[in-house]
Each structure stands twice: as structure tokens, then as C-alpha cells.
Amino acid sequence: MTLIGWTQIILFCAIVVALTPLLGAYLTRVFDGRIALLRPVETGLYRLAGVDPQREQHWLSYTVAMLLFHVAGFALLYGLLRLQSLLPFNPAEQGAVAPDLALNTVISFLTNTNWQNYGGESAMSYLTQMLGLTVQNFLSAATGMVLAVALIRGFARASAKTIGNFWVDVTRCTLYVLLPISIVFTIFLVWQGMPQTLGPYVDAATVEGGKQTIALGPVASQVAIKMLGTNGGGFFNANAAHPFENPTALSNFVQMLSIFVLGAALTNVFGRMVGDQRQGWAILAAMGVLFIAGVAVCYWAEAHGTEAMRALGLAGGNMEGKETRFGIAASALFAVVTTAASCGAVNAMHDSFTALGGMIPLINMELGEIVIGGVGAGLYGMLLFVVITIFLAGLMVGRTPEYVGKKIEAREVKMAMLAILILPLVMLGFTAIAVVVPSAVASMGNAGPHGYSEVLYAFTSQAANNGSAFGGLSGNTPFYNLTGAIAMFLGRFWMIVPAMAIAGSLAAKRSVAATAGTFPTTGPLFVGLLVGTILIVGGLTFFPALAVGPIAEHLSMLQGVAY
975 MTLIGWTQII LFCAIVVALT PLLGAYLTRV FDGRIALLRP VETGLYRLAG
1025 VDPQREQHWL SYTVAMLLFH VAGFALLYGL LRLQSLLPFN PAEQGAVAPD
1075 LALNTVISFL TNTNWQNYGG ESAMSYLTQM LGLTVQNFLS AATGMVLAVA
1125 LIRGFARASA KTIGNFWVDV TRCTLYVLLP ISIVFTIFLV WQGMPQTLGP
1175 YVDAATVEGG KQTIALGPVA SQVAIKMLGT NGGGFFNANA AHPFENPTAL
1225 SNFVQMLSIF VLGAALTNVF GRMVGDQRQG WAILAAMGVL FIAGVAVCYW
1275 AEAHGTEAMR ALGLAGGNME GKETRFGIAA SALFAVVTTA ASCGAVNAMH
1325 DSFTALGGMI PLINMELGEI VIGGVGAGLY GMLLFVVITI FLAGLMVGRT
1375 PEYVGKKIEA REVKMAMLAI LILPLVMLGF TAIAVVVPSA VASMGNAGPH
1425 GYSEVLYAFT SQAANNGSAF GGLSGNTPFY NLTGAIAMFL GRFWMIVPAM
1475 AIAGSLAAKR SVAATAGTFP TTGPLFVGLL VGTILIVGGL TFFPALAVGP
1525 IAEHLSMLQG VAY
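Now the structure itself:
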């Protein structure tokens, strides 16, 4: 570890914290309807869709609207993938995507997972990338944000029957947040050297006299929303390790910032809407503790290397699978950022990390990606843990739990546990099946603990809607395409529906005034209890799986054995 490396990490954290209240104030005004710059466009879209912007929805209507929105998105994107060969803007003449891969890809982009069992430059046309994948990058990100805002309204409102209007929230989020920032971000990326063209692929002569085809395309516009919306799907197979997706150290740093800024700002939105910004800062502090711990361990592990490497005379840390233009510090930081959020973009190959270095991204996802998390998804995931934490605190002091003026009762606790427990059920359940089914085992590129870790990472990433991967697993098979699609679907929507039920239940309750017996939720005690609850729940659930995979691999590496 170096001073320059830690300076990058500290600067990154400082900028995120500084931007949080600024963006938080803006987002609050957007979702309160106080930003009207594009009101004529907004009104026109409502009329075209037959939406009454003044009519709010019950939590169940809000959720049904969201689900129907995704059904329409599924049909359009699936048709686009299957008919790709017949459609324009296909200079490389890409063929139709196979049915099982198309199913996996559609569910992947609808759920903000962006898991890719294909190489973008060798499987997708320009039209598919723009009209299909990039559009879903916007809409899935907007969906996550508005669901978080709906849950915040549940905490903020009293004796209310509604939690907002899904169609209005999605429209405002797209028009006033995602589109304008993405346009500016795209221009910045083009300035940094990222392609943005509809021209054909370019053939170049190599020094040996051969021919090399260089893939191009409208890259910058997809990368901007890929990062900002914590989507992560790469235009190229190598993702953010590709020089056309991440040309410079500056583009790398700004891309990391873009992954975190909206998710962090939503904690401030929470504080503003419930009338006490300290509540938002307390949640961000808990996220920060987990994030810094993860970065420290991952950076140390990669900078330290392994005994097997040192025995071969390889000093200076583990550079396998990393870009020399980024180095160990920026690669470790990117890995933790992309898995703390539900982004999944990678600027290094996680499969080549050390056992402990690769375990940190895995743990981030197993905890539900609540350390900032996906835009919106991270906050409502963290608020589920807040509900559990407040319930435990209430048990300890012997009174009905309260949080921001709302009593937390059996219904909310049951819904929170239902949402939290779906992740380990899917992650561990499908992993157990995959390591015994012959066709699934045949896709494993490694034996022993590391091969197991590749399978565990795959289903963890998909159920957590992350999308990053340990590259040693060949995922484009009927088994992994189908089971992966199910994992992504359950990981997204099984958590959303209980969260929206909590929003409706809380909105209908009266606010209660704080008393001397109310557990304070803005100080270090609450932050420590929240972090402890998260780690205990995660540890009890996932430690056996980690012990068989990365922990066993680490112990083997200490003995000079590598898998």
C-alpha cells in the first residue's frame, strides 16, 4: 500500500461526501415537483400516456404500475434481440440472439443487473445497444430511485393512503436527473477519448502484416448511464478495463464517482423528507464504515500479494488481471465501489484477485449491496436493515420500536425479513444445485475452492443485481441462462414488493412524538448497532459458504498452494 493509493481513496470519499447534500437538495426538489424547467415536455408526456399527474397511488397500485412497466419493457427488448439481424444500424451484421441468452439478457437489463453472458462487440448491433440496452439502463435506474423515494414517503407521511405516482416519479427522475447528467457525462467521456460513432468497425494492419478488426460504436452515451445508473453492462466484453470504455486515469476516477453520487445523495433525500437531515447522515455513516473496511482489506490483500507469488520472486503486489494504467489501488477501489453499489462494471478481472481481495466484492453483494448500493435499491435495502435494527433495539429496552416518528410493528418486521432472506435463499440455493448438476459443473474453469467461488460469485452477483463475474465460469449455457434469469428476477422484485408494502403501512400510520424513552437514531450508538446487525445477519447466513470458497482458498495460498 502506498501514500498515493490512500490519497486516491480519501479524495474519492471526500468528494462523495461533499456532493451528497448538494445532490440531495436537488433530488428532493425534483421529487417534490418543485423543478419545472421542462414542465411543458413533462405535461406532454403525461397526456400522451393518459396519466393524471395530480392523482397519487396506493402502494399496491404503485407496485402494479411498476410491474406492468417492466412487462412492456420485457416484450420490447426481447423482440429487439430476437429480430436484431433484420433491423438497421448493424454494421457488423450481428445475428439474432439465441432464445435462452435473450431471456437472460432481457431480465438482466430490466432488473438493473446487467449480467452479460455475451461479448457486446461480438453479439449486439448498434441499434440493440442504443434502443434496447441503453434505454433500459435509464429506466431500470429510474425505477430503483423512485421506489426508494416511495419508501421514504412512507416514513415521512402520516395518516396517508398514497405514496406518490409511479409514472410521474419515473418521468421526473429521467427528465431532470438521469438525462441531463448523462449528457454532460457523455461529453466528458468523449473528451477523454471514448468513441461515439455510428460508423462501421475499422480494420487495421498489425505489425506482423495481419488484419485486426477494431470494434467501435456509440460507446460514450452507454457508458455514461451505465455508471451513473449503477447498471454496469459493458459495450465491450472487457468492460471498464477496455481502453475505449475507460481511456484514462481521470475517466476511471470520475466513473467511480458517478457510481456512488446518486446513491449517496438519496440518504440526504431521506433526511430532508423526514425532516431531520441527521437521519440521512447516520445511514451514510453506517454505509461509510462498511465501505472503508472493505476497501482497506481489498487494497491490503492485493498490495500484499500471496506467498506463492513471492516464492516466484514476484514482488510489488498482485498485478494479475489489472490494467497497468490504473494499478493496484485504483483497481481495488473500483472493485469495492462497483460491488458496494449494484453497478458490476469492472476495470480489472475479479477472478484474478487474491482470495481475500476477491472475497470483499463477494461479501458486499451478499450483504445485499446496501453500502450505497444501486441507485435507490441500496437505500431501500439499507432501510430494511434499519427496520430490523430498530426492532432489536426495542426488544433490548422493552418498548415498541420507533423510527423517525413511526412505530415499527410486526407487519413491518415480517416484510423486512421476507425481503432480506430471499437473497441468501437464491444465492446459496442455486449455488448448491449448480455444483452437483453435471452440465453446470462442466462450465467451471477451475477445480477446488476457487471453482466453487466462481459459481457462488455468479449467483450472488445475479441475485444481488450486480452483474460482475469471476471470469473462469462459462455462463452462456441453457442451465446458467435460465437459472440466472430466475435469480435476477427474484433478487429484484421479491425485495421490492415487501419494501413497498412497508411504505404503504408506514404512510398510513400516525406520527408519534419522541419521548425520553425513544431510542436515538442519529448518533454513533445507532450507527454501530446498525453495522453490527448487518454483519451478524450476513455472517450467520453466508459464513459457511465463504469458508468453503475464498477462506479455504486463502488458507491454501498461505501454504503456497494456488487453485
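Numbering (my numbering), first residue to last: 975 to 1537. Where a beta carbon is used, it is the ideal one built from N, C-alpha and C, also for glycine.
Thinking C-beta only, is residue j closer than 9 Å to residue i?
{"i": "F1218", "j": "F1227", "result": "no"}
{"i": "G1403", "j": "A1432", "result": "no"}
{"i": "N1292", "j": "G1279", "result": "yes"}
{"i": "I1155", "j": "L1231", "result": "no"}
{"i": "I1394", "j": "L1358", "result": "yes"}
{"i": "A1275", "j": "I983", "result": "no"}
{"i": "P1619", "j": "G1173", "result": "What is shown of the chain runs 975 to 1537, which leaves residue 1619 out entirely."}
{"i": "Q1103", "j": "P1221", "result": "no"}
{"i": "T1037", "j": "M1462", "result": "no"}
{"i": "F1500", "j": "A1267", "result": "no"}
{"i": "F1441", "j": "S1316", "result": "Correcting the residue identity first, residue 1441 is Gly in this sequence and not Phe. Yes. Within cutoff."}
{"i": "Q1058", "j": "L1101", "result": "yes"}
{"i": "F1493", "j": "V1378", "result": "no"}
{"i": "S1417", "j": "F1444", "result": "no"}
{"i": "P1027", "j": "V1144", "result": "no"}
{"i": "A1475", "j": "R1385", "result": "yes"}
{"i": "L1307", "j": "T1507", "result": "no"}
{"i": "A1189", "j": "E1095", "result": "yes"}
{"i": "M1247", "j": "T1495", "result": "no"}
{"i": "A1122", "j": "F1140", "result": "no"}
{"i": "V1310", "j": "N1338", "result": "yes"}
{"i": "G1290", "j": "F1327", "result": "no"}
Would DSSP call residue i helix, strand or coil?
{"i": "Q1251", "result": "helix"}
{"i": "D1325", "result": "helix"}
{"i": "Y1537", "result": "With a pLDDT of 47 at Y1537, under the threshold of 50, the modelled position of this residue cannot be trusted; read the value that follows with caution. Reduced to three states, the DSSP call for Y1537 is coil."}
{"i": "L1022", "result": "helix"}
{"i": "Y1377", "result": "strand"}
{"i": "D1177", "result": "strand"}
{"i": "L1503", "result": "helix"}
{"i": "K1200", "result": "helix"}
{"i": "L1447", "result": "strand"}
{"i": "M1418", "result": "strand"}
{"i": "M1168", "result": "coil"}
{"i": "N1111", "result": "helix"}
{"i": "I1009", "result": "coil"}
{"i": "I984", "result": "helix"}
{"i": "H1216", "result": "coil"}
{"i": "A1488", "result": "coil"}
{"i": "N1211", "result": "coil"}
{"i": "M1230", "result": "helix"}
{"i": "E1276", "result": "helix"}
{"i": "E1343", "result": "coil"}
{"i": "E1016", "result": "helix"}
{"i": "T1117", "result": "helix"}
{"i": "M1333", "result": "helix"}
{"i": "G1028", "result": "It should be pointed out that residue 1028 corresponds to Gln in this sequence rather than to Gly. Reduced to three states, the DSSP call for Q1028 is coil."}
Tell me which residue opens and which closes the beta strand (DSSP E) that residue i is part of.
{"i": "K1185", "result": "K1185 to I1188"}
Quick check on the DSSP output: the alpha helix (DSSP H) that includes residue i runs from which residue to which?
{"i": "T1405", "result": "A1384 to A1408"}
{"i": "P1221", "result": "P1221 -> no alpha helix (DSSP H), and no H or E assigned at all."}
{"i": "K1135", "result": "That residue, K1135, is in no alpha helix (DSSP H); it is neither H nor E in DSSP."}
{"i": "M1293", "result": "Premise fails: M1293 is in no alpha helix (DSSP H) and is neither H nor E."}
{"i": "I1460", "result": "P1452 to A1482"}
{"i": "S1035", "result": "W1033 to R1056"}
{"i": "C1317", "result": "Segment: none, C1317 is in no alpha helix (DSSP H) and carries neither H nor E."}
{"i": "A1438", "result": "Run containing A1438: none; DSSP gives neither H nor E here."}
{"i": "G1542", "result": "Given that the chain is displayed from residue 975 to residue 1537, the structure contains no residue 1542 and the question cannot be resolved."}
{"i": "V1151", "result": "Taken as a continuous stretch (DSSP letters only), V1151 belongs to no alpha helix (DSSP H), as it is neither H nor E."}
Q. Does the region 1457–1472 come close enough to the region 1395–1402 to have 3 or more Cβ pairs within less than 8 Å?
A. yes
Q: Entirely within the region 1062–1097 and at least 4 residues each: give me those alpha helix (DSSP H) ranges in chain order.
A: 1073–1084 and 1094–1097
Q. Is the region 1163–1171 close to the region 1116–1135, with three or more CB pairs under 8 Å?
A. no
Q: Tell me, please, whether the region 1009–1026 touches the region 1254–1262 by the rule of three or more beta-carbon pairs shorter than 8 Å.
A: no
Q) Does the region 1319–1326 touch the region 1349–1364, meaning 3 or more C-beta pairs lie closer than 8 Å? A) no
Q.
For the structure I just gave you, are there three or more beta carbon pairs, one from the region 1131–1140 and one from the region 1482–1498, closer than 8 Å?
A. yes
Q: Taking 8 Å as the threshold, find out whether the region 1192–1206 comes into contact with the region 1099–1115 through three or more Cβ pairs.
A: yes
Q. How about the region 1335–1348 and the region 1231–1251: do they share at least three Cβ pairs that are nearer than 8 Å?
A. yes
Q: Give a yes or no on contact between the region 1242–1259 and the region 1329–1342, applying the rule of three or more CB pairs nearer than 8 Å.
A: no
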